[in-house]
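Read the structure below first, then the notes.
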Amino acid sequence: MRIELDFLAVLAQWPLLAKGVVWTMGLTIVASVIGVALGVVFAWTRSHGATWLKWVVGTYVELIRNTPFIVQLFFV
Numbered sequence: 789m790r791i792e793l794d795f796l797a798v799l800a801q802w803p804l805l806a807k808g809v810v811w812t813m814g815l816t817i818v819a820s821v822i823g824v825a826l827g828v829v830f831a832w833t834r835s836h837g838a839t840w841l842k843w844v845v846g847t848y849v850e851l852i853r854n855t856p857f858i859v860q861l862f863f864v
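Numbering (the numbering used here), first residue to last: 789 to 864.
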């Protein structure tokens, strides 16, 4: 059995595909910036913050680190 892709149908939808690429890149950049910012804040808090903040951030980090990704997806 042979399956063939109709490239003309793909080319007909090119504007929609291009819009999807732009959205994907934009969301990736925004998520990366937010993730790095939170990571820096959490790292600084764990090394220089108040004792209770160290405990809160440490608990959050260990909770996220020790749960499977598929379980985390169910909570989002």
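The beta carbon of each residue, even a glycine, is placed where N, CA and C say it ideally should be.
Answer yes or no: do residue i and residue j have a C-beta to C-beta separation smaller than 8 Å?
i, j, result
"residue 846", "residue 834", "yes"
"residue 849", "residue 830", "yes"
Grab me the residues of residue i's own chain with a C-beta within less than 8 Å of its C-beta, minus the 5 sequence neighbours each way, in chain order.
i, result
"residue 860", "852"
"residue 826", "none"
Would you kindly work out how many angstroms separate the C-alpha atoms of residue i and residue j, rounded to a whole number?
i, j, result
"residue 864", "residue 841", "24 Å"
"residue 811", "residue 803", "12 Å"
"residue 820", "residue 828", "12 Å"
Tell me where the alpha helix (DSSP H) around residue i begins and ends.
i, result
"residue 813", "802-836"
"residue 847", "839-853"
"residue 859", "857-863"
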